[in-house]
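The numbering of the sequence shown is this note's numbering, which starts it at 376 and goes up by one.
See below for the structure under consideration.
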Amino acid sequence: MKFELVKFNRNIPDKELLADVRRVAAELKQDFLTFNQYEELGKFNASTPKHRFGSWSKVLEKAGLPKIRKQLNARIENEELFHNLEEVWTKLGRQPRISEMFEPLSRYSSGVYKRRFGTWMKALENFVSYINKEEKVFSEEGIGNLAVKSANRHKTERSVNWRLRFLVMRQDNFKCRNCGNSPATDQKIVLNVDHIKAWANGGETILENLQTLCSKCNIGKSNL
Ligand SMILES: [Zn+2]
Numbered sequence: 376m377k378f379e380l381v382k383f384n385r386n387i388p389d390k391e392l393l394a395d396v397r398r399v400a401a402e403l404k405q406d407f408l409t410f411n412q413y414e415e416l417g418k419f420n421a422s423t424p425k426h427r428f429g430s431w432s433k434v435l436e437k438a439g440l441p442k443i444r445k446q447l448n449a450r451i452e453n454e455e456l457f458h459n460l461e462e463v464w465t466k467l468g469r470q471p472r473i474s475e476m477f478e479p480l481s482r483y484s485s486g487v488y489k490r491r492f493g494t495w496m497k498a499l500e501n502f503v504s505y506i507n508k509e510e511k512v513f514s515e516e517g518i519g520n521l522a523v524k525s526a527n528r529h530k531t532e533r534s535v536n537w538r539l540r541f542l543v544m545r546q547d548n549f550k551c552r553n554c555g556n557s558p559a560t561d562q563k564i565v566l567n568v569d570h571i572k573a574w575a576n577g578g579e580t581i582l583e584n585l586q587t588l589c590s591k592c593n594i595g596k597s598n599l
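What follows is the structure, encoded as structure tokens:
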């Protein structure tokens with residue numbers, strides 16, 4: 376049988392109830408709190424503040440949580456949400472599930488995406504169309520008209536930005552092009568993006584000249 380402490384619910388000042396609601400939200404690193412979460416982690420029964428203030432949404436309002444949510448949402452740019460999604464996606468080696476959007480894997484909860492885009496699926500669709508727009512930019516064709524910069528004798532920069540990294544890995548189905556390993560089947564696998572024709576030998580940072588390698592194969596390559 377589950378051991379449970381008797382929770383004391385009477386004569387608790389409003390302030391104390393609300394402070395405890397905020398504490399649980401902060402501990403979960405959330406800008407909201409569900410009735411069940413509070414029931415599980417709160418110092419008091421969740422029905423106590425609910426009855427005191429009339430409804431659970433009133434409790435959240437009184438605790439100032441929707442205000443915090445607004446502030447948090449306003450601060451995060453779409454670009455930042457997409458970047459986080461890209462990191463989760465490449466670490467998993469596949470499309471993330473809504474149930475996986477937790478720390479440490481994800482810096483933002485699925486709730487943040489849902490509030491911004493409506494649904495989790497819409498968030499993913501927005502992300503994909505954002506990435507797709509970059510596909511031409513980072514191709515042979517895209518850099519065709521660019522001039523070679525005298526500073527580095529290249530048209531592109533050496534570093535691979537996160538949008539291009541995603542395009543390369545997607546092109547390779549999130550698998551090492553050499554050995555075929557993927558984090559989707561083995562969580563220990565870490566994928567990197569590698570210049571096929573080395574940057575030092577004039578290779579450009581474009582989709583056609585980049586490949587996905589696992590960290591083992593990448594090290595093996597540089598030892599050749
Ligand atoms: Zn490999």
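C-beta: ideal position from N, C-alpha, C; glycine also.
Please read all numbers here as calculations on a predicted model, not as lab measurements.
DSSP places Thr587 within a strand segment (E or B) once states are collapsed to three. Using a Cβ distance threshold of 7 Å, Thr587 and Asp561 do not count as a contacting pair. With a cutoff of 6 Å, Asn556 counts as near ligand 1, since its C-beta is closer than that to a heavy atom of the ligand.
Not one heavy atom of ligand 1 sits closer than 6 Å to the Cβ of Asn548. Per the C-alpha coordinates, the member of Leu416, Phe477 and Gly439 positioned closest to Leu393 is Gly439. Residue His458 holds the alpha-carbon nearest to the alpha-carbon of Leu542 among Leu521, His458, Tyr413 and Phe410. The beta-bridge partner set that DSSP reports for Val568 consists of Thr587. For Val535, there is no enclosing alpha helix (DSSP H), as DSSP gives it neither H nor E. The straight-line gap separating the alpha-carbon atoms of Ser474 and Ser485 is approximately 8 Å. Checking the DSSP bridge columns, you'll see Lys530 has no partner listed. Secondary structure at Lys497: helix, using DSSP grouped into helix, strand and coil. Secondary structure at Lys437: helix, using DSSP grouped into helix, strand and coil. According to DSSP, Lys524 shares a beta bridge with His529. In this structure, DSSP gives Thr409 a state outside helix and strand, which the three-state scheme calls coil.
Here Tyr488 is actually not in contact with Leu467; their C-beta atoms are around 16 Å apart, not less than 8 Å. For Leu393, the enclosing alpha helix (DSSP H) starts and ends at Asp389 to Glu402. Of the candidates Leu416, Ile571, Cys551 and Trp574, Cys551 places its Cα closest to the Cα of Ile564.
Exclusion of the five residues before and after Phe513 leaves Leu539, Ile581 and Leu582 as the residues of its chain whose Cβ lies within less than 6 Å of its Cβ. When secondary structure is reduced to three states using DSSP, Ile581 falls in the coil class, being assigned neither helix nor strand.
The region 389–403 and the region 423–430 touch, with no fewer than 3 CB-CB distances between them shorter than 8 Å. Between ligand 1 and the CB of Asn553, the shortest heavy atom gap is smaller than 6 Å.
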